[in-house]
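These notes concern the structure reproduced below.
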Amino acid sequence: MKKNEARIKASEITPRELFYARRRFMQLAAGASAAALLPESVLAGDKLADVKTSAYTLPDKLTPMEDVTRYNNFYEFGTDKEDPAKNAGRLKTRPWTVTVEGEVNKPKVFDIDELLKLAPLEERIYRLRCVEAWSMVVPWVGFSLAELIKRVEPTGNARFVEFISLHDPEQMPGQKFSVLEWPYREGLRMDEAMHPLTLLAVGLYGEVLPNQNGAPVRVVIPWKYGFKSAKSIVRILFAEKQPVSSWTQSAPGEYGFYANVNPAVDHPRWSQAKERRIGEFLKRKTLPFNGYADQVAHLYTGMDLIKNF
Ligand code: MTE
Numbered sequence: 001m002k003k004n005e006a007r008i009k010a011s012e013i014t015p016r017e018l019f020y021a022r023r024r025f026m027q028l029a030a031g032a033s034a035a036a037l038l039p040e041s042v043l044a045g046d047k048l049a050d051v052k053t054s055a056y057t058l059p060d061k062l063t064p065m066e067d068v069t070r071y072n073n074f075y076e077f078g079t080d081k082e083d084p085a086k087n088a089g090r091l092k093t094r095p096w097t098v099t100v101e102g103e104v105n106k107p108k109v110f111d112i113d114e115l116l117k118l119a120p121l122e123e124r125i126y127r128l129r130c131v132e133a134w135s136m137v138v139p140w141v142g143f144s145l146a147e148l149i150k151r152v153e154p155t156g157n158a159r160f161v162e163f164i165s166l167h168d169p170e171q172m173p174g175q176k177f178s179v180l181e182w183p184y185r186e187g188l189r190m191d192e193a194m195h196p197l198t199l200l201a202v203g204l205y206g207e208v209l210p211n212q213n214g215a216p217v218r219v220v221i222p223w224k225y226g227f228k229s230a231k232s233i234v235r236i237l238f239a240e241k242q243p244v245s246s247w248t249q250s251a252p253g254e255y256g257f258y259a260n261v262n263p264a265v266d267h268p269r270w271s272q273a274k275e276r277r278i279g280e281f282l283k284r285k286t287l288p289f290n291g292y293a294d295q296v297a298h299l300y301t302g303m304d305l306i307k308n309f
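Quick note: the sequence shown, position 281, residue 281 per the UniProt record's numbering, numbers continuous.
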């Protein structure tokens with residue numbers, strides 16, 4: 001099978017209802033009756049073809065898919081952890097485009113299916129540490145954001161990259177409440193965005209990203225608090241000025257632009273020294289840069305990381 005053919009989803013070549021009916025049947029046949037009871041948003045993951053394992057792996061135990069897809073922060077679908085799994089099923093992820101513009105020589109509107117083919121898909125096992133002091137270990141699928149950045153040729157003025165999530169209150173009921181200023185926005189410095197660890201993620205556990213995890217495309221920046229990892233991205237904007245992210249805008253004293261995982265800098269309302277790995281009882285010590293110091297600490301040489309939290 002040729003590469004492009006391999007990426008055609010089974011749901012595109014069989015009528016959708018039939019596809020899901022067959023899937024449920026296969027799950028039942030496999031004895032996975034618990035899985036058959038999950039809402040469709042959890043089941044909707046189609047297998048991604050041609051995913052290579054990568055050097056990005058960890059000795060840590062993986063967080064079960066059930067937890068990765070049922071314990072989420074995605075305020076566009078509600079503020080409770082179970083809300084995204086319950087409410088994100090209605091998000092339409094096709095057609096979907098990602099507009100890449102600003103300080104670039106080659107601005108481009110990428111169709112999501114074109115974006116998926118920009119570079120070989122890799123499975124990368126990353127730790128994700130939320131600012132709320134819990135963490136997960138997730139086998140993401142995607143490729144380095146740098147692959148996309150190279151193609152649009154940033155100009156010499158591009159010092160920052162901003163990620164903008166979908167704004168559509170009809171599909172995203174949480175946007176009818178002003179818990180944050182919509183759309184959700186996050187940003188990185190250019191060297192952070194170009195770092196090979198910075199992942200453009202399109203899947204997890206070998207399947208297309210479930211909606212509640214940020215389908216069809218999100219970023220994952222494993223050395224930063226989870227809120228930097230914007231979901232359901234529709235626009236990537238290169239700029240000379242440092243962007244203001246949604247969380248910094250809502251509480252500048254609590255959520256800084258850098259948001260590097262740092263056990264030595266407490267959140268004003270709680271300690272960041274320890275974390276609870278989802279599924280574990282005892283807390284673990286939080287590691288500087290979430291355990292990725294060897295790869296990324298040099299990006300911040302000479303910077304005061306207490307001021308630049
Ligand atoms: N992106 C958008 N658009 N909206 C959000 O509410 N929450 C962030 C981040 N990205 C969020 C978002 C936070 S706080 C975390 S911890 C991670 O997504 C959670 O990702 P996960 O649900 O896939 O574990």
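For each residue, glycine too, the CB sits at the ideal point set by N, CA and C.
The Cβ-Cβ distance between Ile233 and Val244 does not fall below 8 angstroms. For Asn211, the secondary structure class from DSSP, reduced to helix, strand or coil, is helix. Arg127: member of the beta strand (DSSP E) spanning 122 to 129, first to last residue. Boundaries for Thr248: no beta strand (DSSP E) harbours it, while the alpha helix (DSSP H) harbouring it runs 246 to 250, taken from the DSSP string. For Lys150, the enclosing alpha helix (DSSP H) stretches over residues 145 to 152.
In the same chain as Val137, and ignoring 5 residues on each side of it, the C-beta atoms closer than 6 angstroms to its own belong to Asp60, Leu62, Thr63, Arg127, in chain order. In the three-state reduction of the DSSP assignment, Asp111 falls in the strand class, which pools E and B. When secondary structure is reduced to three states using DSSP, Arg269 falls in the coil class, being assigned neither helix nor strand. The beta carbon of Val152 sits closer than 7 angstroms to the beta carbons of Val100, Val104, Lys106, Pro107, Lys108 from its chain, once the five residues preceding and following it are set aside; these are given in chain order.
When the beta-carbon positions are compared, Thr286 and Val261 come within less than 8 angstroms of each other. The alpha-carbon of Asp83 is positioned some 6 angstroms away from that of Phe77. Assignment of beta-bridge partners to Pro139 by DSSP yields Ile125. When DSSP states are grouped into helix, strand and coil, Lys61 belongs to the coil group. Within the same chain, and ignoring the five residues on either side of Glu122 in sequence, the residues whose Cβ sits closer than 8 angstroms to its Cβ are Val51, Lys52, Thr53, Ser54, Tyr56, Val141, Gly142, Phe143. With respect to Pro263, Pro288 sits close: the two C-beta atoms are nearer than 8 angstroms. When the five nearest sequence neighbours on each side are left out, the beta carbons in the same chain lying within less than 6 angstroms of the beta carbon of Ala88 are those of Ser41, Phe77, Asn211, Gln212, in order along the chain. Taken atom to atom, the span from the alpha-carbon of Glu147 to that of Thr198 is near 10 angstroms. A direct Cα-Cα distance of roughly 15 angstroms separates Ala49 from Glu114. As a beta-bridge residue in DSSP terms, Asn260 pairs with Lys224. Inter-residue distance for Phe257 and Leu305 is about 11 angstroms (C-alpha atoms, whole angstroms).
Exclusion of the five residues before and after Lys47 leaves Gly206, Glu207 as the residues of its chain whose Cβ lies within less than 7 angstroms of its Cβ. Lys224 is the residue among Lys224, Ala230, Glu181 whose C-alpha sits nearest the C-alpha of Ala293. Within the same chain, Ser246, Gln249, Ser250 come within 8 angstroms of Glu181 by CB-CB distance, once the 5 residues on both sides are set aside.
When the beta-carbon positions are compared, Arg189 and Glu162 stay at least 8 angstroms from each other.
Going by beta carbons, Glu275 and Arg70 fall outside the 8 angstroms limit.
Per DSSP, the continuous alpha helix (DSSP H) segment holding Val296 begins and ends at 293 to 296. Residue state for Ala201 is assigned as strand, using DSSP reduced to three classes. Between Phe238 and Ala158, the C-beta gap is smaller than 8 angstroms, which places the two residues in contact.
The residues Leu48, Val141, Leu209, in chain order, have a CB closer than 6 angstroms to that of Gly203 in the same chain once the five nearest residues on each side in sequence are set aside. Residue pairing by DSSP leaves Ser54 without any beta bridge partner.
For Ser245, the CB stays at least 7 angstroms from every heavy atom of the ligand MTE. At the C-beta level, Gln171 and Lys117 stay beyond 8 angstroms of one another.
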